[in-house]
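Here is the structure we will look at, set down as structure tokens.
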Amino acid sequence: MKAEDEQAFREFVTSEMASLRKLAYVTCGNWHTAEDAVANALIKLYPRWRKVDRPDLYVKTMVYRAAIDETRRPWRRERSAGDAMPDVVVRDPAGSTDERMRLRAALDAVPARQRAAVVLRHYLGLSLEDTAGVLDCTVGTAKSQVSRGLAKLRESLAGERIDLTGKQMEEWTSAVA
Amino acid sequence: MQLHDLVDAVTGEEPPMARTADDIIASGRRAERRRRAGFASAGAAGLVLVAVAGAFALPT
Chain E
1 MKAEDEQAFR EFVTSEMASL RKLAYVTCGN WHTAEDAVAN ALIKLYPRWR
51 KVDRPDLYVK TMVYRAAIDE TRRPWRRERS AGDAMPDVVV RDPAGSTDER
101 MRLRAALDAV PARQRAAVVL RHYLGLSLED TAGVLDCTVG TAKSQVSRGL
151 AKLRESLAGE RIDLTGKQME EWTSAVA
Chain C
1001 MQLHDLVDAV TGEEPPMART ADDIIASGRR AERRRRAGFA SAGAAGLVLV
1051 AVAGAFALPT
């Protein structure tokens, strides 16, 4: 790879790695698995850097697929009991950890594909066409995945007495209705 | 609550990255070398195959 291409790749990695890891984490629910998925996707992108038109979409697709695949691997499902140090109980006066766990549980109630669709569309701000490209489906399917994901997320958050708001959400809901 | 706030809250306590951009680039270089070596081996194997097939096909 030429020096200027490598510099462009380095800048791309530096700017995208954090958001890619968030996408992978929201999809698979484990930081280590998420980081593995992102690193593997970026390593595979390196030799193809000059050949890919939209590296951002290409790598998001690979990260999404890797995160889904990682959750399906049998050894990822296994949980050893007994080799880990016990968690130390620490007081949480602000309740932030408790709230994070409740929000995480609400997000986990949404199927992984729909969760990824919602994050791609409304958190990372991809267009419907790009979301469909990453999910490898038609625009109509992507639209329904986002819509169902939002509905499911709203439902599970309502159980925690949290209302999902936002101008984009309202526009989206009225457009789908 | 907005979706942005929700995702930020859920991913709020993210551990620091174990790999840096330099680690990714070093691994990418190794992957590229392996890929090129694979292509070279496949090409050499193809040439050998053609040579052997040619030797058998030629009338003695």
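Chains as they are written, first to last, in the working numbering: chain E, 1 to 177; chain C, 1001 to 1060.
Virtual Cβ for every residue (Gly too), placed ideally from N, Cα, C.
Using a Cβ-Cβ cut-off of 9 Å, state whether residue i counts as contacting chain C.
i	result
residue 162 (chain E)	yes
residue 110 (chain E)	no
residue 3 (chain E)	no
residue 8 (chain E)	no
residue 64 (chain E)	no
residue 97 (chain E)	yes
residue 107 (chain E)	yes
residue 146 (chain E)	no
residue 58 (chain E)	no
residue 52 (chain E)	no
residue 157 (chain E)	yes
What does residue i touch in chain C if you count any residue whose Cβ is under 7 Å from its own?
i	result
residue 103 (chain E)	1006, 1009, 1010
residue 119 (chain E)	1007
Would you grab the beta carbon distance between residue i and residue j for me? Rounded to a whole angstrom, and I think it's under 8 Å.
i	j	result
residue 25 (chain E)	residue 1011 (chain C)	6 Å
residue 110 (chain E)	residue 120 (chain E)	With a Cβ gap of about 13 Å, residue 110 (chain E) and residue 120 (chain E) do not count as contacting.
residue 122 (chain E)	residue 1003 (chain C)	5 Å
residue 264 (chain E)	residue 1024 (chain C)	An answer regarding residue 264 (chain E) cannot be provided, because it is not within the stretch 1 to 177 covered by chain E.
residue 145 (chain E)	residue 113 (chain E)	6 Å
residue 1001 (chain C)	residue 97 (chain E)	17 Å between Cβ atoms; not a contact.
residue 47 (chain E)	residue 1032 (chain C)	4 Å
residue 100 (chain E)	residue 1009 (chain C)	6 Å
residue 63 (chain E)	residue 23 (chain E)	6 Å
Please list, in chain order, the chain E residues whose beta carbon lies closer than 9 Å to that of residue i.
i	result
residue 1018 (chain C)	32, 35, 39
residue 1031 (chain C)	43, 44, 46, 47
Between residue i and chain E, is there a C-beta pair that is closer than 9 Å?
i	result
residue 1027 (chain C)	yes
residue 1040 (chain C)	no
residue 1059 (chain C)	no
residue 1037 (chain C)	no
residue 1044 (chain C)	no
Tell me, please, which residues DSSP counts as bridged to residue i.
i	result
residue 165 (chain E)	C:1002
Leaving out five residues before and five after residue i in sequence, what residues of the same chain have Cβ atoms less than 8 Å from its Cβ?
i	result
residue 138 (chain E)	132
residue 55 (chain E)	12, 45, 49
residue 21 (chain E)	31, 34, 35, 38
residue 19 (chain E)	124
Give every residue of the same chain whose Cβ lies closer than 7 Å to the Cβ of residue i, excluding the five residues on either side of it in the sequence, and list them in chain order.
i	result
residue 5 (chain E)	49, 50
residue 142 (chain E)	117, 128, 131, 132, 135
residue 115 (chain E)	26, 27, 107, 149
residue 1016 (chain C)	none
For residue i, go through chain C and note every residue whose CB falls closer than 8 Å to its CB, in chain order.
i	result
residue 42 (chain E)	1024, 1028
residue 55 (chain E)	Residues of chain C passing the Cβ test: none, with the nearest at roughly 13 Å.
residue 165 (chain E)	1001, 1002
residue 22 (chain E)	1007, 1011, 1014
residue 100 (chain E)	1009, 1010, 1012, 1013
Among residues of its own chain, excluding the 5 on either side of residue i, which ones have a beta-carbon nearer than 6 Å to its beta-carbon?
i	result
residue 1044 (chain C)	none
Taking C-beta pairs closer than 9 Å, name the residues in chain C that residue i reaches, listed in chain order.
i	result
residue 25 (chain E)	1010, 1011, 1014
Against residue i, what residues of chain E qualify as contacts under a CB-to-CB distance less than 8 Å, listed in chain order?
i	result
residue 1021 (chain C)	10, 13, 14, 17
Give a single yes or no on whether residue i has its beta carbon closer than 8 Å to a heavy atom of the ligand MN.
i	result
residue 140 (chain E)	As presented, the structure is devoid of all ligands, the ligand MN included, so that no description of it is given.
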